[in-house]
Amino acid sequence: YYKDLSHLPLEERRRFNFDHPDALDTPLLVHHLRQLCQRCAVKVPTYDFATYCRLPGTRTVHPRPVVIVEGILILTEPALRELIELKIYVDTDADLRLIRRIKRDIAERGRTLESVFEQYLTTVRPMHLEFVEPSKPHADVIIPRGGQNMAALELVMARVLSMLDTA
11 YYKDLSHLPL EERRRFNFDH PDALDTPLLV HHLRQLCQRC AVKVPTYDFA TYCRLPGTRT
71 VHPRPVVIVE GILILTEPAL RELIELKIYV DTDADLRLIR RIKRDIAERG RTLESVFEQY
131 LTTVRPMHLE FVEPSKPHAD VIIPRGGQNM AALELVMARV LSMLDTA
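Written out as structure tokens, the structure is:
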């Protein structure tokens, strides 16, 4: 749900702070979540991370008994927190987050190692400290050790399955 930056020159888009909550089209995400809760399908924008622009097409998402909303900035937004029944914060070590970012940005987004490091130091890490980490208290469940915490993941899966049973 990144905002469309196609109106900006490419160099300006490259320097844009995508790790700040203002980079997201939160009103559209809130609207779409409300639509899904009312059992209406939504047309989700698609985004090209190589050009930093929304693509012309959309992806249709149909309502389901359980809707999973994922993103590091989700819990920073009060309007989103109000709509989410079970708020989960997955706590992962900083070094692991950096390694994952390096792998993804080089393999999937065509970035150089130098550009990943520069972005990490100028926006990713500072925004994590300013917005993401402070959003942790808004979570109902905090999963330490990321995806390696099988006990926590099993508890969350059991909760989601119970939500499906009552839907």
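Just so you know, our numbering puts 156 at position 146 of the sequence shown, and the rest follows in order with no gaps.
All C-beta atoms in this analysis are idealised placements derived from N, C-alpha and C, irrespective of residue type, glycine included.
On a predicted model such as this, the values are computed, not experimentally measured, just so you know.
Quick one, are the C-beta atoms of residue i and residue j less than 8 Å apart?
{"i": "R69", "j": "V79", "result": "no"}
{"i": "P31", "j": "E87", "result": "yes"}
{"i": "R23", "j": "L34", "result": "no"}
{"i": "V151", "j": "I98", "result": "yes"}
{"i": "P73", "j": "C50", "result": "yes"}
{"i": "A168", "j": "R119", "result": "no"}
{"i": "P37", "j": "D101", "result": "no"}
{"i": "A89", "j": "V52", "result": "no"}
{"i": "L108", "j": "G156", "result": "no"}
Please check the pair residue i and residue j, which I expect to be a contact at CB under 8 Å, by giving their CB distance rounded to whole angstroms.
{"i": "V134", "j": "R114", "result": "Contact flag wrong, Cβ pair sits at about 12 Å."}
{"i": "H138", "j": "R91", "result": "Contact doesn't hold; Cβ gap of about 18 Å is too wide."}
{"i": "L93", "j": "L43", "result": "5 Å"}
If we count the other Cβ atoms within 10 Å of its Cβ and call it buried at 16 or more, is residue i buried or exposed?
{"i": "V142", "result": "buried"}
{"i": "L20", "result": "exposed"}
{"i": "D29", "result": "buried"}
{"i": "L96", "result": "exposed"}
{"i": "I84", "result": "buried"}
For residue i, verify whether its CB is less than 7 Å away from any heavy atom of the ligand ATP.
{"i": "T56", "result": "Of the ligands one can find in the structure shown there are none, so the ligand ATP has no counterpart to examine."}
Excluding the 5 residues flanking residue i on each side, which residues of the same chain have their C-beta closer than 8 Å to its C-beta?
{"i": "G67", "result": "T56"}
Quick one: residues in its chain with C-beta nearer than 6 Å to the C-beta of residue i, no 5 flanking neighbours on either side, listed in chain order?
{"i": "A162", "result": "I153"}
{"i": "N27", "result": "T133"}
{"i": "V71", "result": "V52 and V54"}
{"i": "S145", "result": "L85 and T86"}
{"i": "R121", "result": "D115"}
Who does residue i pair with in a DSSP beta bridge?
{"i": "C47", "result": "DSSP, once it has assigned bridges, lists no residue as partnering C47."}
{"i": "I55", "result": "Here residue 55 turns out to be Pro, not Ile, going by the sequence shown. Answer is T68, bridged to P55."}
{"i": "Y99", "result": "I152"}
Report all residues from its chain with a CB closer than 7 Å to the CB of residue i; omit the five preceding and five following residues, and keep chain order.
{"i": "Q129", "result": "none"}
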